[in-house]
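Trainee:
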Ligand SMILES: C[S@@+](CC[C@H](N)C(=O)[O-])C[C@H]1O[C@@H](n2cnc3c(N)ncnc32)[C@H](O)[C@@H]1O
Ligand code: SF4
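In the UniProt record's numbering, the protein residues as written are 1 to 458.
(1) Please tell me whether, using a cut-off of 7 Å, the distance from the CB of residue 112 to the nearest non-hydrogen atom of ligand 4 is below it.
(2) Taking 7 Å as the line, does the beta carbon of residue 73 fall inside it for any heavy atom of ligand 2?
(3) At a cut-off of 7 Å, is residue 65 close to ligand 2 when judged by its beta-carbon and the heavy atoms of the ligand?
(4) Per DSSP, which one or two residues make a beta bridge with residue 327?
(5) With residue 335 and residue 323 assumed to form a contact (beta carbons below 8 Å), what rounded beta-carbon distance in angstroms separates them?
(6) Among 84, 127, 69, which has the Cα closest to the Cα of residue 186?
(7) Please state whether the Cβ-Cβ distance between residue 154 and residue 222 is less than 8 Å.
(8) At the level of alpha carbons, what is the spacing between residue 250 and residue 75?
(9) So is the beta-carbon of residue 242 under 7 Å away from any non-hydrogen atom of ligand 2?
(10) Just to confirm my understanding: we take residue 353, look at its own chain, exclude 5 residues before and 5 after, and list those with CB closer than 6 Å. What are they?
(11) For residue 307, is the classification buried or exposed, using 16 other Cβ atoms within 10 angstroms of its Cβ as the cut-off for buried?
(12) I want to check one thing, is the minimum distance from the CB of residue 68 to the heavy atoms of ligand 1 below 7 Å?
(13) Buried or exposed: where does residue 366 fall if 16 or more other Cβ atoms within 10 Å of its Cβ makes it buried?
(14) Verify whether the separation of the beta carbon atoms of residue 362 and residue 32 is less than 8 Å.
(15) Please return the same chain residues whose Cβ sits closer than 7 Å to the Cβ of residue 99, not counting the five positions on each side in sequence.
(16) Taking the Cβ atom as the reference point for each residue, do residue 215 and residue 156 lie within a distance shorter than 8 Å?
(17) Leaving out the 5 sequence neighbours to the left and right, which residues in its chain are closer than 7 Å to residue 77 when beta-carbon positions are compared?
(18) Taking the alpha helix (DSSP H) that residue 417 falls in, what are its first and last residues?
(19) Please classify residue 102: is it buried, with 16 or more other beta-carbons within 10 angstroms of its beta-carbon, or exposed?
(20) Under the rule that 16 or more other beta-carbon atoms within 10 Å means buried, what is residue 388, buried or exposed?
(21) CB-CB under 6 Å to residue 371, same chain, minus the five flanking residues each way: which ones, in chain order?
(22) Taking the alpha carbon of residue 444 as the point to measure from, which residue in 127, 304, 328, 376 has its own alpha carbon closest?
(23) Between which two residues does the alpha helix (DSSP H) carrying residue 137 extend?
(24) Within 7 Å: the Cβ of residue 173 and any heavy atom of ligand 1?
(25) Per DSSP, what are the beta-bridge partners of residue 425 in this structure?
(26) Short of 6 Å in beta carbon distance, which residues of its chain neighbour residue 158, apart from the five on each side in sequence? Order them along the chain.
(27) How big is the Cα-Cα spacing for residue 150 and residue 109?
(28) Mind checking which residues open and close the alpha helix (DSSP H) that includes residue 435?
(29) Shorter than 7 Å, the distance from the beta carbon of residue 148 to the closest heavy atom of ligand 1, or not?
(30) Can you tell me the Cα-Cα spacing of residue 27 and residue 139, whole angstroms?
Dropping the structure here:
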């Protein structure tokens, strides 16, 4: 049954529209605490010599401030700030590369902020630094090198340069084409500009384009959303991430410039989601889960179908099951069972990187975390948990260990989010829209830090 065919249950959806983590990791970053700056090199030194390694590089700079933005960024017009930042990245790479130089890097992602803030020379310098320090996969068919671009600050020449350096996937910040929404969030970008870039990206032979959209922004209505979706569908991106707007003005000061009275009501937001799911599925997109859609021939859909889909800090992935080394301000590494995060303040990160590995907090998982992580990732990626497999893998009695959680799942089963048997848990079609509250049942830390730090599901 396609999601578009399900009986839409607005009351059920509204009841489970709680605040909770997106589970790009478990435990979530709120659980991180102080950790020695030698923990990352120590973990890398213990790693398998030839196992693949994924790299993430954070470029924090943006030319403009979008009022809704919840990303780690520094808004500036001063291009030279990126030179100092690249110096720090180079120190960081030189310190860590000796431990991982021999591991093939098939997945590389530049995120932000806005990676295309970098000039042509700065981009070339960063690419050179990466290829000098790491064993980047030379085969374009075997690697997935992706970058987040803001169409407003990306030239056609930059796209050519990125392709020539081996990038083969792009995600574009679109958010919405509706003019009143664009004006209210201080992000004006025309359909014509995006169309020109999409055509160029296709002509250059990129393997895939992903669009970021947000629903729940000021002045969005069902009519405006339908129009934006028509325009998006006409451009046929391979993947679409349609995020629910996380409005947390007490955490992100710029969001105070968005008037609460301009935002759609919670009921309208649920209707917006309904429109998005219906319209994208009618156009042939498959719903992957947690805000993500993809065309049927996309790797994410195949991974979803054959049970190999993974989730990491960048969202859903086909290569998520490898060690991830995060470089740059605020970046998170996940090496074996340890999470490590770099300083999130730009000056502190840059100063620290000159003399030592710039990690400052992290988390070392224990057995209970590993079990719960596995369950939460199975729910988020496969929509299915087999209790016997879990017992075999972790050598424990699932029913006894999770007696409280199984009890807590009963109302979710009664409300049709899951089918629960003695042997397994299967997420239903309506439940796939509400993966976060299902995962939350298995989160051991939610009761201690509460839900208020998180955004709502819808
Ligand atoms: C690092 S940003 C995108 C890259 C690039 N800087 C751009 O704006 O085009 C990643 C994405 O996060 C999403 N995002 C940012 N703030 C958000 C918020 N408050 N709620 C939901 N999604 C948000 C946007 O869709 C954005 O495109
Ligand atoms: S949405 Fe992108 S361009 Fe806008 S402030 Fe956030 S990171 Fe920067």
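Note that CB positions come from ideal geometry on N, CA and C, so glycine has one too. Keep in mind the model is a prediction, meaning the values are calculated, not measured.
Mentor: This is what the structure gives:
(1) You won't find ligand 4 in this model; what it holds is ligand 1 and ligand 2.
(2) On the chain shown, residue 73 is found 73 positions in, with the first residue counted as 1. Yes, the Cβ of residue 73 comes within 7 Å of a heavy atom of ligand 2.
(3) One-based indexing of the chain shown puts residue 65 at position 65. Residue 65 Cβ: within cutoff of ligand 2.
(4) Here residue 327 is taken as the residue at index 327 of the chain shown, counted from 1. The partner list for residue 327 (beta bridge, DSSP) reads 57.
(5) The count along the chain shown starts at 1 and reaches residue 335 at position 335. The count along the chain shown starts at 1 and reaches residue 323 at position 323. Indeed they touch by this definition, with Cβ atoms about 5 Å apart.
(6) What you label residue 186 is simply residue 186 of the chain shown in a count that begins at 1. Taking only the C-alpha atoms, the option nearest residue 186 is 69.
(7) For the purposes of this step, residue 154 is identified with residue 154 of the chain shown, where counting begins at 1. For the purposes of this step, residue 222 is identified with residue 222 of the chain shown, where counting begins at 1. Against a cut-off of 8 Å, the Cβ pair of residue 222 and residue 154 comes out as no contact.
(8) Residue mapping note: residue 250 aligns to position 250 of the chain shown, counting from 1. Residue mapping note: residue 75 aligns to position 75 of the chain shown, counting from 1. Roughly 19 Å between the two C-alpha positions.
(9) Reading the chain shown from its first residue, position 242 is the one you call residue 242. Outside the cutoff, so no.
(10) Within the chain shown, the letter at position 353 stands for residue 353. These residues qualify, in order along the chain: 88, 91, 92.
(11) Translated into positions along the chain shown, residue 307 becomes position 307. By the 10 Å Cβ count, residue 307 comes out exposed.
(12) Along the chain shown, read from residue 1 onward, the residue named residue 68 stands at position 68. Answer for residue 68: yes, Cβ within range of ligand 1.
(13) Locating residue 366 in the chain shown gives position 366, where the first residue counts as 1. So residue 366 counts as exposed.
(14) Residue mapping note: residue 362 aligns to position 362 of the chain shown, counting from 1. Residue mapping note: residue 32 aligns to position 32 of the chain shown, counting from 1. Against a cut-off of 8 Å, the Cβ pair of residue 32 and residue 362 comes out as a contact.
(15) As a working mapping, residue 99 is identified with position 99 in the chain shown. Correct list, in chain order: 41, 44, 45.
(16) Reading the chain shown from its first residue, position 215 is the one you call residue 215. Reading the chain shown from its first residue, position 156 is the one you call residue 156. No, they are not a contact pair.
(17) As a working note, residue 77 is residue 77 in the chain shown. Hits under 7 Å: 63.
(18) For this step, residue 417 is matched to residue 417 along the chain shown. No alpha helix (DSSP H) contains residue 417, which DSSP labels as neither H nor E.
(19) Along the chain shown, one-based indexing puts residue 102 at 102. Its Cβ having fewer than 16 others within 10 Å, residue 102 is exposed.
(20) Working through the chain shown from its first residue, we reach residue 388 at position 388. The residue in question, residue 388, is exposed, as its Cβ has fewer than 16 Cβ neighbours within 10 Å.
(21) What you label residue 371 is simply residue 371 of the chain shown in a count that begins at 1. Closer than 6 Å at the Cβ level, and outside the excluded window around residue 371, lie 394.
(22) Taking the chain shown and counting its residues from 1, the one referred to as residue 444 is at position 444. Considering only alpha carbons, the answer is 376.
(23) Locating residue 137 in the chain shown gives position 137, where the first residue counts as 1. Segment: none, residue 137 is in no alpha helix (DSSP H) and carries neither H nor E.
(24) Looking up residue 173 in the chain shown gives position 173. Yes, since a heavy atom of ligand 1 falls inside the 7 Å radius drawn around the Cβ of residue 173.
(25) The residue given as residue 425 occupies position 425 in the chain shown. Paired residues: 385, 420.
(26) What you label residue 158 is simply residue 158 of the chain shown in a count that begins at 1. Cβ neighbours of residue 158 beyond the five flanking positions: 116.
(27) Within the chain shown, numbered from 1, the residue matching residue 150 stands at position 150. Within the chain shown, numbered from 1, the residue matching residue 109 stands at position 109. Approximately 15 Å between the Cα atoms of the pair.
(28) Within the chain shown, residue 435 is the residue found at index 435, counting from 1. Unbroken alpha helix (DSSP H) run through residue 435: 435-440.
(29) Counted from its first residue, the chain shown places residue 148 at position 148. Answer for residue 148: yes, Cβ within range of ligand 1.
(30) As a first step, residue 27 must be located in the chain shown, where it is residue number 27. As a first step, residue 139 must be located in the chain shown, where it is residue number 139. Distance between the alpha carbons of residue 27 and residue 139: 35 Å.
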